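Enquirer: Structure provided below as structure tokens; questions to follow.
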Amino acid sequence: MLSCDSHYLNSNRKIRELIVVCRNEFLPLFNGNLLKLIKSISSLITPVGTTDSEIKGKLGSAFDWSTADSTLLGIIYESLIDSVSGDSSKKGFRRRSGIFYTPAYITEFLVSTALDNCLSVKEGEIPRIIDPACGCGAFLITALRDLKIRFPSLEPEKIAIEFIHGVDTDPGAVEVARMSLAIECGFPANKAVKFEKNVRQGDSLKEFHGANREFDIVVGNPPYRNVKRGIPDNIRDFCIENYRTAKGQWDLASPFVELSLEHLLKPGGACGLILPNPVLLAENYLPVRKIIRENTPIAFGPAGEPFDDPKVEASLLVARSGKSRGGSVEVIDGKGGKISRVRKAGRSLFKRLPFMIFSHLAEPDLLEPILDKIEKGGLVQLGSLVKLRRGLEIGKNDKRVKPVSRGGNLLTGESVSR
Numbered sequence: 070m071l072s073c074d075s076h077y078l079n080s081n082r083k084i085r086e087l088i089v090v091c092r093n094e095f096l097p098l099f100n101g102n103l104l105k106l107i108k109s110i111s112s113l114i115t116p117v118g119t120t121d122s123e124i125k126g127k128l129g130s131a132f133d134w135s136t137a138d139s140t141l142l143g144i145i146y147e148s149l150i151d152s153v154s155g156d157s158s159k160k161g162f163r164r165r166s167g168i169f170y171t172p173a174y175i176t177e178f179l180v181s182t183a184l185d186n187c188l189s190v191k192e193g194e195i196p197r198i199i200d201p202a203c204g205c206g207a208f209l210i211t212a213l214r215d216l217k218i219r220f221p222s223l224e225p226e227k228i229a230i231e232f233i234h235g236v237d238t239d240p241g242a243v244e245v246a247r248m249s250l251a252i253e254c255g256f257p258a259n260k261a262v263k264f265e266k267n268v269r270q271g272d273s274l275k276e277f278h279g280a281n282r283e284f285d286i287v288v289g290n291p292p293y294r295n296v297k298r299g300i301p302d303n304i305r306d307f308c309i310e311n312y313r314t315a316k317g318q319w320d321l322a323s324p325f326v327e328l329s330l331e332h333l334l335k336p337g338g339a340c341g342l343i344l345p346n347p348v349l350l351a352e353n354y355l356p357v358r359k360i361i362r363e364n365t366p367i368a369f370g371p372a373g374e375p376f377d378d379p380k381v382e383a384s385l386l387v388a389r390s391g392k393s394r395g396g397s398v399e400v401i402d403g404k405g406g407k408i409s410r411v412r413k414a415g416r417s418l419f420k421r422l423p424f425m426i427f428s429h430l431a432e433p434d435l436l437e438p439i440l441d442k443i444e445k446g447g448l449v450q451l452g453s454l455v456k457l458r459r460g461l462e463i464g465k466n467d468k469r470v471k472p473v474s475r476g477g478n479l480l481t482g483e484s485v486s487r
């Protein structure tokens, strides 16, 4: 019997080999889009190398799904989606679509911190949780595991069906999320039909706009799509018309923050989101930071490059719906595969920073005296004297950028560091 060891999830090559080994038992569990997906994978996988004795020794063995982690299906699906889509480009389908699988240490931190800071449920009540862009269900599984610990007397199936909800535009990912919940509840994956009502295909930005604030917790990893690329015209136009965060240079994650805090969460409910770095730091994303400020930021900080795409930097945000006077926000550091608590800072500090940025480098003891001197000392601010322009925009593939060393060197933002 082949046990599902996390050793086999360390690389896409191992995942492909794992599918080769268990394909005959894997296929009957699926239907619809997933069946087509797995069949497509069969013709794309490179056969297992004969020199890999560890894998070779397990060929032909049965696969023990009772030992499988419930997130395994999602890891397989999202790791191979580029191959199945037929997209062999460097950017790939997943990157262009802004789809990235969230590591467990991040889902666990965001779910537990949001639950710990939720004020919309009384003690002993079970919170209603939603991931409005659930993908393959990484956050849903983490939420179910957390609630199973907090409410040990309840059946996992009851918790999953009544209190955990997910929506995604990708029908294949939705099917994987249902099956993952089934496995986590102790059922065979083909019992995913149990979760068809609470995990479904749909567009949360459209369906829940103007919703009646029905949830206590919102968690998730919204798609990383900038308005310049990747957002379908119908979604872009809807967001521009209906979300105040969809202004200027914006990312699809911005309306998801607005949706969470102003349409999904009950007053006192909490969200835990992983977002593109610019949402918390770039000038153009001031509208979304105003919404965060209008509510109650609880914790934030950098997550480094947590995805398999090394060019995508992310930040973590936990916030509560509704305004709290004063108080502090916890600055965290999520780089390096773990979450560290750095310091606490007064929430008012970040309102005083340029463009209300949420900078993890802001140390109150150093910054507040400087800000006091600037604001109260009658000093002339640089912004009143000069204007900073974006200048000529040159992409890396621009015709004016040559791959040879003749001429002047081109410095990009990535060329500058502390």
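Residue 417 in our numbering sits at position 348 of the sequence shown, with consecutive numbering throughout. No residue lacks a Cβ here, since even glycine has one placed at the ideal position from N, Cα and C. Computed from a predicted model, the values in this text were never measured in an experiment.
Compare the C-alpha of A183 against each of G279, R269, I233 and I286 and name the closest.
Expert: It is I286 whose Cα lies nearest to the Cα of A183.
Enquirer: Between which two residues does the alpha helix (DSSP H) containing S249 stretch?
Expert: Start and end: P240 to E253.
Enquirer: Given 8 Å as the limit, is there contact between the stretch 343-355 and the stretch 383-395, that is, 3 or more CB pairs closer than that?
Expert: Output reads yes: the stretch 383-395 touches the stretch 343-355.
Enquirer: Run through DSSP, which three-state label would S397 get?
Expert: Correct three-state label for S397: strand.
Enquirer: In the DSSP assignment, find the beta strand (DSSP E) that holds K335 and state where it starts and stops.
Expert: Its beta strand (DSSP E) spans residues L334 to P345.
Enquirer: Count the other C-beta atoms from every protein chain shown that fall within 10 angstroms of the C-beta of E231, then say buried if there are 16 or more, exposed otherwise.
Expert: By the 10 Å Cβ count, E231 comes out exposed.
Enquirer: What would DSSP say about V485, mapped onto helix, strand or coil?
Expert: Of the three classes helix, strand and coil, the one that applies to V485 here is coil, per DSSP.
Enquirer: Taking all protein chains shown into account, do 16 or more other C-beta atoms lie within 10 angstroms of the C-beta of P221, making it buried, or fewer, making it exposed?
Expert: P221 should be labelled exposed.
Enquirer: Would I210 pass as an interface residue toward chain D - the criterion being a Cβ-Cβ separation below 8 Å?
Expert: In the displayed structure, chain D is absent; only one protein chain is listed.
Enquirer: Alpha carbon to alpha carbon, how far is V326 from H332? Give it in angstroms, no decimals.
Expert: Spanning the two alpha carbons is a distance of roughly 10 Å.
Enquirer: Could you give the DSSP three-state label for R282: helix, strand or coil?
Expert: Coil at R282, not helix or strand.
Enquirer: Is it buried or exposed for S486, if we count other Cβ within 10 angstroms and need 16 for buried?
Expert: Exposed is the call here.
Enquirer: Along the alpha helix (DSSP H) that carries V268, what are the first and last residues, could you check?
Expert: Premise fails: V268 lies in the beta strand (DSSP E), V268 to Q270, not in any alpha helix (DSSP H).
Enquirer: Taking the alpha helix (DSSP H) that R358 belongs to, which residues open and close that run?
Expert: It spans L355 to E363 - the alpha helix (DSSP H) in which R358 sits, taken as one unbroken run.
Enquirer: So, under 8 Å CB-CB, K335 and S189 are touching, yes? Tell me the CB distance rounded to an integer number of Å.
Expert: Rounded, the Cβ-Cβ distance is 4 Å, consistent with contact.
Enquirer: Quick one: what's got a C-beta closer than 6 Å to F95's C-beta in the same chain, skipping five residues either side?
Expert: Model confidence at F95 stands at a pLDDT of 45, short of 50, so the residue's coordinates are unreliable; what they give is reported in the following sentence. The answer is none, since no qualifying residue turns up.
Enquirer: Is the CB-CB distance between Y170 and G406 below 8 Å?
Expert: Against a cut-off of 8 Å, the Cβ pair of G406 and Y170 comes out as no contact.
Enquirer: Going by Cα to Cα distance, which pick from L430, Y312, C254 and V236 is closest to D402?
Expert: Measuring from the Cα of D402, the nearest candidate turns out to be L430.
Enquirer: Given this structure, state the Cα-to-Cα distance separating G446 from I439, to the nearest angstrom.
Expert: One C-alpha to the other measures close to 10 Å.
Enquirer: Going by DSSP in three states, P201 sits in which element: helix, strand or coil?
Expert: Looking at P201 - three-state DSSP - the assignment turns out to be coil, as it is neither helix nor strand.
Enquirer: Which value, in whole angstroms, describes the spacing of the CA atoms of A322 and L448?
Expert: Those two C-alpha atoms are separated by around 37 Å.
Enquirer: Which residue from N303, F208 and D200 puts its Cα closest to that of F277?
Expert: The residue with the shortest Cα to Cα distance from F277 is D200.
Enquirer: Tell me which residues share the same chain as L480 and place their Cβ nearer than 6 Å to its Cβ, disregarding the 5 neighbours each side in the sequence.
Expert: Once the five neighbours on either side are set aside, L480 has no close Cβ partner at all.
Enquirer: Report buried or exposed for I443, applying the criterion of at least 16 other Cβ atoms within 10 angstroms of its Cβ.
Expert: Exposed: under 16 other Cβ atoms inside 10 Å.
Enquirer: Could you please give the first and the last residue of the uninterrupted alpha helix (DSSP H) stretch that includes R416?
Expert: It spans R416 to R421 - the alpha helix (DSSP H) in which R416 sits, taken as one unbroken run.
Enquirer: With the cut-off set at 8 Å, would you say A246 and L330 are in Cβ contact?
Expert: In this structure, L330 does not lie closer than 8 Å to A246 by Cβ.
Enquirer: Could you tell me how far apart the beta carbons of L216 and L250 are, in whole angstroms, since I believe they sit closer than 8 Å?
Expert: Actually they do not touch by this definition, with Cβ atoms about 12 Å apart.
Enquirer: Within 10 angstroms of its Cβ, does E244 collect 16 or more other Cβ (buried), or is it exposed?
Expert: By the 10 Å Cβ count, E244 comes out buried.
Enquirer: Rounding to the nearest angstrom, what Cα-Cα distance links D185 and V455 in this structure?
Expert: Looking at the two C-alpha atoms, the distance is approximately 45 Å.
Enquirer: How far does the alpha helix (DSSP H) with D441 in it reach, from first residue to last?
Expert: Counting along the chain, the alpha helix (DSSP H) containing D441 begins and ends at P433 to K445.
Enquirer: Going by DSSP, which residues form a beta bridge with F369?
Expert: For F369, which the question treats as bridged, DSSP gives the partners L386 and V400.
Enquirer: Examine the Cβ distances between the stretch 417-436 and the stretch 352-362 and report whether three or more of them are shorter than 8 Å.
Expert: Verdict: yes, contact present.
Enquirer: Got a sec, what are the start and stop residues for the alpha helix (DSSP H) I218 sits in?
Expert: Segment A207 to R219, the alpha helix (DSSP H) holding I218.
Enquirer: Quick one: residues in its chain with C-beta nearer than 7 Å to the C-beta of V492, no 5 flanking neighbours on either side, listed in chain order?
Expert: Because the chain is modelled from 70 through 487, residue 492 falls outside the range shown and cannot be assessed.
Enquirer: Per the DSSP calculation, R412 is bridged to which residue(s)?
Expert: DSSP output for R412 lists V400 as bridge partner(s).
Enquirer: Return the residue from the list F284, K191, C308 and A339 that minimises the CA-CA distance to R294.
Expert: Cα-wise, what sits closest to R294 is C308.
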